[in-house]
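Participant:
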Amino acid sequence: MTTVEGLAGDTLHPVQQAWVEHDVAQCGYCQAGQIMSAAALLARNPTPSDSEIDAAMAGNICRCGTYLRIRKAIKSASSST
Numbered sequence: 113m114t115t116v117e118g119l120a121g122d123t124l125h126p127v128q129q130a131w132v133e134h135d136v137a138q139c140g141y142c143q144a145g146q147i148m149s150a151a152a153l154l155a156r157n158p159t160p161s162d163s164e165i166d167a168a169m170a171g172n173i174c175r176c177g178t179y180l181r182i183r184k185a186i187k188s189a190s191s192s193t
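Numbering (our numbering), first residue to last: 113 to 193.
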């Protein structure tokens with residue numbers, strides 16, 4: 113089992129890097145779950161469509177509403193994985 117703490121090695125995982133580049137986090141409460149779900153999605157499907165991203169991330173609720181930034185970050189990370 114991999115946790116968000118174990119996702120990165122010596123450098124940030126592409127999903128974590130994309131989260132930083134797209135300024136996804138606001139309060140941070142949901143970020144561990146969002147990042148792990150995004151990493152799992154990209155491990156299964158390296159080039160997901162918007163609808164596939166939305167379906168994979170549907171179980172993660174963001175009270176700050178950064179869903180568009182989350183999708184952009186996943187798209188960005190998909191080109192890096």
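Beta carbons are placed, not taken as given, at the ideal position from N, Cα and C, and that holds for glycine.
Fair warning: this is a prediction, and the values are worked out from it, not measured in the lab.
Use the C-beta contact count for V132: other C-beta atoms within 10 angstroms, 16 or more gives buried, fewer gives exposed.
Facilitator: Reading the sequence shown from its first residue, position 20 is the one you call residue 132. Exposed.
Participant: By Cβ distance, which residues of its chain are closer than 6 Å to I165, with the 5 residues on each side in sequence left out?
Facilitator: Indexing the sequence shown from 1 puts residue 165 at position 53. Hits under 6 Å: R183 and I186.
Participant: Taking all protein chains shown into account, decide if L180 is buried (16 or more other Cβ within 10 angstroms of its Cβ) or exposed.
Facilitator: As a position in the sequence shown, residue 180 is number 68, starting the count at 1. With fewer than 16 other Cβ atoms within 10 Å, it is exposed.
Participant: When we look at the beta-carbon of T178 and count the other beta-carbons within 10 Å, is it buried (16 or more) or exposed?
Facilitator: Numbered from its first residue, the sequence shown carries residue 178 at position 66. Label assigned to T178: buried.
Participant: Got a sec? Which residues, its chain only, sit under 7 Å from I173 by beta carbon, not counting five neighbours each side?
Facilitator: Position 61 of the sequence shown, counting from 1, holds the residue named residue 173. Within the same chain, I173 has close Cβ partners C142.
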